[in-house]
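Notes follow once the structure below has been shown.
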Amino acid sequence: MITAIWDQLKGLYSLIVGMIVTGRYFFAPQKTVHYPRKVVDPEDLAAYRGPLELTRGKDDESRTRCISCQMCAKGCPGNCIKVVKGTEGKLPSTWVYDFSLCCLCGACVEVCPASAIDFSHRLYLVVTSREELVMDLLADLKERVAANPLKPAPDVPAAAGQKAADAPSAGAAKNGEV
Ligand code: SF4
Ligand code: SF4
309 MITAIWDQLK
319 GLYSLIVGMI
329 VTGRYFFAPQ
339 KTVHYPRKVV
349 DPEDLAAYRG
359 PLELTRGKDD
369 ESRTRCISCQ
379 MCAKGCPGNC
389 IKVVKGTEGK
399 LPSTWVYDFS
409 LCCLCGACVE
419 VCPASAIDFS
429 HRLYLVVTSR
439 EELVMDLLAD
449 LKERVAANPL
459 KPAPDVPAAA
469 GQKAADAPSA
479 GAAKNGEV
């Protein structure tokens with residue numbers, strides 16, 4: 309008799325604990341969005357790891373900071389990176405990244421001595437073939453800067469450059485970068 313009552317109490321306790329946990333998540337702020345009617349707030353993407361991108365240059369934004377040291381390519385466990393040094397100083401002539409092989413481990417970002425690469429926040433990337441995941445990051449950097457310059461180009465007057473920087477690009481908006 310006592311055992312039966314004890315079992316009933318344990319079951320009731322378990323039920324109450326389960327309902328508390330369920331209620332906590334039921335009333336907590338929603339973490340997911342009803343895509344494509346809604347998109348994730350860009351501020352919530354700070355820690356998101358999208359495909360790699362080259363960081364903007366310090367003086368000339370469209371000029372990569374990469375010094376072709378090959379540290380990223382050598383340390384990459386997925387063999388995703390191909391960097392070829394060009395003829396202009398230490399700048400690379402080729403910087404190709406295969407996102408289909410990347411496990412987003414971050415080793416390349418950490419090892420880079422020039423802070424030349426980082427994870428993008430491209431959350432809504434869609435492709436129809438694996439080949440499209442092989443990315444020319446030098447071309448990508450130039451396109452991003454042309455679409456959304458953050459500061460005047462070295463040979464452009466300050467006023468014109470600032471005007472362009474104030475207007476978010478279509479590409480950046482599509483990728484949730486604004
Ligand atoms: S994040 Fe990791 S797997 Fe991806 S390119 Fe960098 S080192 Fe390679
Ligand atoms: S580690 Fe950095 S500087 Fe070296 S090749 Fe890679 S991106 Fe360029």
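Position 167, counted from 1, in the sequence shown is what this note's numbering calls 475; the numbers after and before it change by one each time, with no gaps. We treat Cβ as the ideally placed atom computed from N, Cα and C, and that holds for glycine. As the structure is a prediction and not an experimental result, all values here were calculated from the model.
Neighbour-count burial assignment, residue i, 16 or more Cβ in a 10 Å radius
i	result
S423	exposed
R364	buried
D474	For D474, the predicted model reports a pLDDT of 43, less than 50, meaning its position is unreliable; a value from the coordinates is still stated below. The residue in question, D474, is exposed, as its Cβ has fewer than 16 Cβ neighbours within 10 Å.
V453	buried
P457	buried
M327	exposed
V372	The displayed chain sequence assigns Thr, not Val, to residue 372. With 16 or more Cβ atoms within 10 Å of its Cβ, T372 is classed as buried.
L317	exposed
L323	exposed
M443	buried
L320	exposed
Cβ-Cβ separation, residue j to residue i (assumed contact under 8 Å), whole Å
i	j	result
L303	L441	Not covered by the structure: residue 303. The range shown for the chain is 309 to 486.
S370	K450	5 Å
M379	V341	With a Cβ gap of about 37 Å, M379 and V341 do not count as contacting.
D349	P462	Their Cβ separation, rounded to whole angstroms, is 34 Å, which puts D349 and P462 out of contact at 8 Å.
I425	V417	6 Å
Heavy atom of ligand 1 within 7 Å of residue i beta-carbon
i	result
L360	yes
C377	no
P385	yes
C274	Limits of the chain in this structure are 309 at one end and 486 at the other, which puts residue 274 out of reach.
Residue i: CB within 7 Å of a non-hydrogen atom of ligand 2
i	result
P421	yes
V391	yes
S413	According to the sequence as given, residue 413 is Cys; it is not Ser. No, since every heavy atom of ligand 2 falls outside the 7 Å radius drawn around the Cβ of C413.
A424	yes
C380	yes
Residues near residue i by beta carbon distance below 7 Å, same chain, minus five either side
i	result
K390	A381, T402, V404
P421	C377, M379
Cβ-based neighbour list, residue i, same chain, cut-off 8 Å, excluding 5 preceding and 5 following
i	result
V393	This sequence places Lys at residue 393; Val is not what is there. S376, L399, P400, S401, listed in sequence order.
R438	S408
I313	none
Sequence-distant residues of the same chain with beta carbon closer than 6 Å to residue i, five excluded per side
i	result
T436	none
D406	C388, V442
Using 8 Å as the threshold, is the stretch 416-433 in touch with the stretch 352-366, meaning 3 or more CB pairs across them? Contact holds: three or more Cβ-Cβ distances are below 8 Å.
Three or more C-beta pairs closer than 8 Å, one from the stretch 389-402 and one from the stretch 328-342: is that the case here? Touching, no.
Are three or more beta carbon pairs between the stretch 380-389 and the stretch 403-412 nearer than 8 Å? Contact holds: three or more Cβ-Cβ distances are below 8 Å.
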